[in-house]
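This report concerns only the one structure given below.
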Amino acid sequence: MTRGTKVMDLINRYIYAVTQKLPESQRADIEKELQGLVEDMLEDRGADRETASLEEVEQVLLELGPPVEMAARYRGRERYLIGPGLIDSYWSVLRIVLYSIAVALGIVYIVNFFISTEPTAEKLLEYLVSLLSVGIHGFAWVTVIFAFIEYRGARQVSNDPWKPSELPAIPEPATRIKPSEPVLGILFSVLFFVLFTFSINTFSINLIGVHRFAEHSIAIPVFEQAAFAKYLPLIWLLTAFSIFNEARKLITRKWTPQLAVMHVIFNIASVIVAVILFSDMTIWNPIFMDQLVQSGLVTTGDGSYETVKLIWDRSRDGLIYIIVVIALIDTVSVVMKRFRRKEGNTALTK
Amino acid sequence: MPEDQDILNSMVQELRRGTIILGVLSQLSEPQYGYSLVTILQERGINVEAGTLYPLLRRLEKQGLLNSEWDTNEARPRKYYIISQTGKDIYRQLYHEWKDMMTSLEGLINDKGD
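Protein sequences, first through last, are from chains X and R.
Count the first sequence with numbering that gives the first Met the number 0 and you get residues 0 to 349, in order.
Count the second sequence with numbering that gives the first Met the number 0 and you get residues 0 to 113, in order.
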């Protein structure tokens, strides 16, 4: 490279580094402007593009400052995917989700270790691969959720001027959300997610089922894999929804009407998914009882056979009711918390 | 102490930020391109870096205070800025604000000495 082209190259690299960090629409104009500026500054030093030494060009570029700062000045206000107000919550939720995934998959792995006949190395590899793929999933979901919260927040700010009277009340102890609550919520969502997804697909074993750890370990699945698999996306959506709710709880740390409504919507959605899932009789392993007999755990005609059969038949209907009851209790407790807060408010105004 | 110097520097920078706009608007009744404006301001003792001024000119244009035009007749293309009517109105008002501020501050600072 001749000196002239080296000089040109350095200038172009600087300008590229600046404009690359700017919106597409402004790039061409700013590029032209900066070219002119650098030339003017060189001229001030008694040189031009052709005669300037590398040192002179470097001096000029040093005076202009780091490209990152230059670009920032051109942009004016900063834009964020996840802004400074949310970044701490983002990291903590991300950590919780990733730890939960590691723990949940670890449980699957340990169970798999005892009941699967695959070689250990293969199982370990499977664990690591699924850790990576589920981890990336978790990372993507948390990021999308927070970007969405940030986007909504950014839009709300530019609305009407704020009124002091609209300042949110300091949360009553009863409406405060302890951080452990959403943390556990996320942990269980992820556990649930991993349990259903991985016990049915990848691991070719069934975590949800009857297990017997003996010399010949056996696993009798409760669910019919193929039929159950088509409902998995519903469970995934529910998990994402749940993490979204828990993340917002972790951010606000108190029950707001919005949060309570979202929580109730989530409960309703869970019940709907449960009803859809469990009213489809094909998801159940049709030969569960036969496999049980084959395994020698029970024998036909035995008293215990009848008991198990009764539980098996009843529990399939019963499960829906149990889920409905749990959702109902949870909903009532959340609504109660809101109600108590309102009571506290009226007491104050009296 | 270098820390004191840093604090002073950042305060001076804050003070200067608003005054640069006044300086820029005062000089743009005649069309100027970015670097000529840097030179004019520096000659008059207003120390402003090109890296600050160029983005500022762009922002003022976006706000409607300046108009711009590329001159491609010269050896190298240059973007000339000139103050708009809105710019003139705002400049006048801003100048008054500045003078009021100066008067008030002078009053505060001088009274204290008495």
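The beta-carbon is built from N, C-alpha and C at its ideal position, and this holds for glycine as well.
Predicted, not measured: the structure shown is a model, and the values here were computed from it.
Against chain R, a Cβ distance below 9 Å from Gly3(X) picks out nothing, because the smallest value is about 16 Å. When the five nearest sequence neighbours on each side are left out, the beta carbons in the same chain lying within less than 7 Å of the beta carbon of Ala51(X) are those of Val6 and Leu41, in order along the chain. Looking at the DSSP output, Leu236(X) sits in no beta bridge, so it has no partner there. Per the coordinates, the alpha-carbon of Leu291(X) lies some 34 Å from the alpha-carbon of Leu327(X). Near chain R, meaning a CB-to-CB distance below 7 Å, the residues of the segment 64–97 of chain X are Gly64, Met69, Arg72, Tyr73 and Gly75. The beta carbons of Thr238(X) and Phe192(X) sit closer together than 8 Å.
Distance check between Ser188(X) and each of Pro163(X), Val102(X) and Thr4(X) places Val102(X) closest, using alpha-carbon atoms only. The Cβ atoms of Ala27(X) and Pro66(X) lie no closer than 8 Å to each other. Per DSSP, Ser67(R) is one residue of the beta strand (DSSP E) stretching across Leu65 to Asp70.
The C-alpha of Asp289(X) is placed about 36 Å away from the C-alpha of Ser99(X). The beta-carbon of Asp39(X) is placed less than 8 Å from the nearest beta-carbon of chain R. Between Trp69(R) and Lys78(R), the C-beta gap is smaller than 8 Å, which places the two residues in contact. In terms of Cβ geometry, Thr298(X) and Ala226(X) do not form a close pair [threshold 8 Å]. For Tyr53(R) against Leu36(X), the beta-carbon gap comes to about 6 Å, under 8 Å, which counts as contact. Annotation for Arg16(R): the continuous alpha helix (DSSP H) segment containing it runs Pro1 to Gln26.
Taking 4 residues as the minimum length, the alpha helix (DSSP H) runs contained wholly in the segment 250–307 of chain X are 256–277 and 287–293, in order along the chain. In the DSSP assignment, Gln31(R) forms a beta bridge with Tyr80(R). DSSP assignment within the segment 37–67 of chain X yields the following whole alpha helix (DSSP H) runs of 4 residues or more, N-terminal first: 53–63. For Asp43(X), the closest alpha carbon among the candidates Phe222(X), Ile106(X), Ile234(X) and Glu62(X) is that of Glu62(X). Look at Arg91(R): its C-beta is not under 8 Å from any C-beta on chain X.
Residues of the segment 30–53 of chain R whose Cβ lies closer than 9 Å to any Cβ of chain X, in chain order: Tyr32, Gly33, Tyr34, Ser35, Val37, Thr38, Glu48, Ala49, Gly50, Thr51 and Tyr53.
A direct Cα-to-Cα measurement between Glu96(R) and Glu105(R) gives close to 14 Å.
Proximity of chain X to Arg77(R) at the Cβ level (cut-off 7 Å) is accounted for by Gly35, in chain order. Taking the C-beta atoms as reference points, Leu93(R) is found nearer than 8 Å to Leu21(R). Residue contact with chain X for Arg15(R): absent (no Cβ-Cβ distance below 8 Å to any residue of chain X).
As DSSP reads the structure, Arg175(X) sits in a beta bridge with Lys253(X). Taking a 10 Å sphere around the C-beta of Leu309(X), we find fewer than 16 other C-beta atoms and assign the residue as exposed. Bounds of the alpha helix (DSSP H) holding Arg58(R) are Ala49 to Lys61. Excluding five sequence positions before and after Asp329(X), the CB atoms of its chain that fall closer than 7 Å to its own CB belong to Asn266, given in chain order.
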